[in-house]
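Listed in order, the protein sequences are those of chains A and B.
Here the first sequence stands for residues 1 to 325, numbered as in our numbering.
Here the second sequence stands for residues 1 to 122, numbered as in our numbering.
Glycine included, every Cβ here is placed at the ideal spot set by N, Cα and C.
Below: one structure, written as structure tokens.
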Amino acid sequence: MTLGAKPIQSARLIAGVFAFACAALLHGCASFTPQTKSLAESRPAGVPGARELTEVPFFAQNDYQCGPASLAMAMVAAGVKVTPDELVPEVYLPERKGSLQVEMLAAARRHGLVSYQLAPSYADVIREIAAGTPVIVLQNLGIKEGWHYAVAIGYDWDNGMLQLRSGLNERQELPFAMNEMVWRRSGYWAMVVVPPERIPASADEQRWLAAVAALERTGQSAAARSAYRTFLERWPANVNAAIGLANAHHALGELREAEAVLREAALRAPDSVVVLNNLAQTLADQGRYGEALPYAERAVATGGPHADAASQTRNTILRNLGRGN
Amino acid sequence: MKSVWARIFCRLLVALMIWTPYQFATAGMIGTDRVVTESTQADRAAVLGFVARGDVARQLQSLGIDPKTAQDRIGALSDQEVQSLAGKIHSLPAGADGTDVAVGILIIAVIAVVVWYLWKRM
């Protein structure tokens, strides 16, 4: 099987390119590979001419399991000890004989990493590799349903080549254009996984915050706490990240720390119902109902979409004050 | 005898009261996922996400995942992600090894690519 696998896979790749080319011709497409074209015109700012992340490990995929294999390569590169077999129950769907994109994102979170879906941009993939992060890309190597995950680990801009770990191929080298044809069919879908102490090179403030919040939501409070801290070092003015950091502290039972973060946020965003409500709640959790009440009152007075939650918080505090008297 | 029971009952009540504020506490914090997206959108996502989670869990099970594993996998998804799966698990791309190609088509494809390359070169 191993002997025949390489030619079969390259044949699949060619078929994928062919399928795309046919579709493009049918649509009367002006260019098969618009992003390769603009890449060729100028190298993304600040990246070297070539880089290959040779340290990224290689796991050959078992049948259909390029999802777990690709994810394991990216996760080990991010510092998590994991094997493809361990990831099979987390991402693989037996009846579909494959892995869904959102589950690829979700599985890395379960191991305390932040998953980030890149913007659909070739330049961003290059930027990530240049910064030392391997990129998982979704390609279509078939006529219709030939979906396949591969890990982009290197590029050579001068020669227009991309290096990937793909299937049974430890080092596949593809021209930028060829990769674009099979990658484009997934809507240029690409993702990275990074430890919470890092921010991807191409990260956008809002989307990165959503990625960290998704990690927090899975109950990885300690990892989320570091990720929010890292976030606030880069974007200190982001009040929502402060709310997230405080929530992570709160979930870990660190009420004093949560309080400090929220007090600081309340100075910068005195009208944020969420900051005021959560500060009131954090104080109330420490039994400091008298201190909590003014913040809860302010939250209720400010109103907005979270007004219901705020008045609930206030009523609880009032009840507790009544009990105390 | 009666006073012993009364004392136990009272202690139980006291113990239970310790729990009350804590339960309110977790209910009272507004979650980060409510603020990172537009709040009306987040509310909608939360409501739909809640409904969709059960749906998606059932679909995962129908695709060969046991109930416990399905729950764990759903738990790692954000509300938006759950919604993106709802009703589409059977049709969304599932990355595998890229096989849906018959050998005959392969041969045609190889010829076509060769022709295309030659044409490009001219």
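Between L232/A and E259/A, the gap from beta carbon to beta carbon reaches 8 Å or more.
DSSP places Q83/B in no beta strand (DSSP E) but in the uninterrupted alpha helix (DSSP H) bounded by D79 to L85. Taking a contact as a CB-CB distance under 8 Å, the pair M191/A and S115/A counts as one, their CB atoms being some 6 Å apart. Within the stretch 241-283 of chain A, the alpha helix (DSSP H) runs of at least 4 residues that lie entirely inside it are, in chain order, 255-268. Taking CB atoms only, R73/B has a neighbour in chain A less than 8 Å away. Here the stretch 87-106 of chain A lies against the stretch 85-100 of chain B, with 3 or more beta-carbon pairs under 8 Å apart. Contact between E103/A and R53/B does not hold, since their C-beta atoms are separated by about 14 Å, which reaches or exceeds 8 Å.
Unbroken alpha helix (DSSP H) runs of no fewer than 4 residues, entirely contained in the stretch 151-195 of chain A, are found at 176-183, following chain order. For V182/A, the closest alpha carbon among the candidates G146/A, A131/A and A40/A is that of G146/A.
Residues are counted here when their Cβ sits less than 7 Å from a Cβ of chain B; for the stretch 83-97 of chain A these are P89, E90, L93, P94, E95, R96 and K97, given in chain order. For A52/B, there are no C-beta contacts with chain A under 9 Å, since the nearest C-beta of that chain is about 12 Å from it. No Cβ-Cβ contact shorter than 8 Å links L85/B with V115/B. Just so you know, the alpha carbons of R225/A and V239/A end up roughly 15 Å apart. With the rule of 3 Cβ pairs closer than 8 Å, the stretch 203-218 of chain A does not count as touching the stretch 74-92 of chain A. In the DSSP annotation of this structure, the continuous segment of the alpha helix (DSSP H) that includes G75/B starts and ends at P67 to G75. Annotation: the continuous beta strand (DSSP E) that includes L138/A extends over V135 to N140. Between F58/A and E170/A, the CB-CB gap stays under 8 Å.
Across the stretch 216-229 of chain A, CB contacts with chain B closer than 8 Å involve E216, R217, T218 and G219, in sequence order along the chain. The shortest CA-to-CA distance from V151/A to any of E128/A, A131/A, G79/A and M73/A is the one to M73/A.
For the pair A50/A and Q61/A, the CB atoms are not nearer than the 8 Å cut-off. Of the candidates G46/A, A211/A and G187/A, the residue whose Cα lies closest to the Cα of A131/A is G46/A. Separation of A299/A and T282/A (C-alpha to C-alpha, rounded to the nearest whole angstrom) is 14 Å.
Inside the stretch 44-106 of chain A, DSSP marks whole beta strand (DSSP E) runs of 3 or more residues at positions 50-52 and 98-100, from first to last along the chain.
Taking every protein chain shown into account, the CB of W189/A has 16 or more other CB atoms within 10 angstroms, so this residue is buried. Under a 10 Å Cβ-count criterion, N247/A is classified as buried, with 16 or more other Cβ atoms of the shown protein chains found around its own Cβ. Nearest neighbour of V56/A by Cα position, chosen from T133/A, A15/A, E41/A and P294/A, turns out to be T133/A. Not a single C-beta of chain A is nearer than 8 Å to the C-beta of V115/B. DSSP places A94/B within a strand segment (E or B) once states are collapsed to three.
Nearest neighbour of Q65/A by Cα position, chosen from H148/A, L245/A and T302/A, turns out to be H148/A. The three-state reading of DSSP puts S115/A in strand, counting E and B together.
Contact annotation for G64/B against chain A: L93, P94 and E95 [CB-CB distance below 8 Å, chain order]. At the C-beta level, I30/B and H306/A come within 8 Å of one another. For L92/B, the neighbours in chain A by C-beta distance under 8 Å run, in chain order, L100 and Q101. Using beta-carbon distances, L118/B does not count as an interface residue toward chain A, since no partner is under 8 Å.
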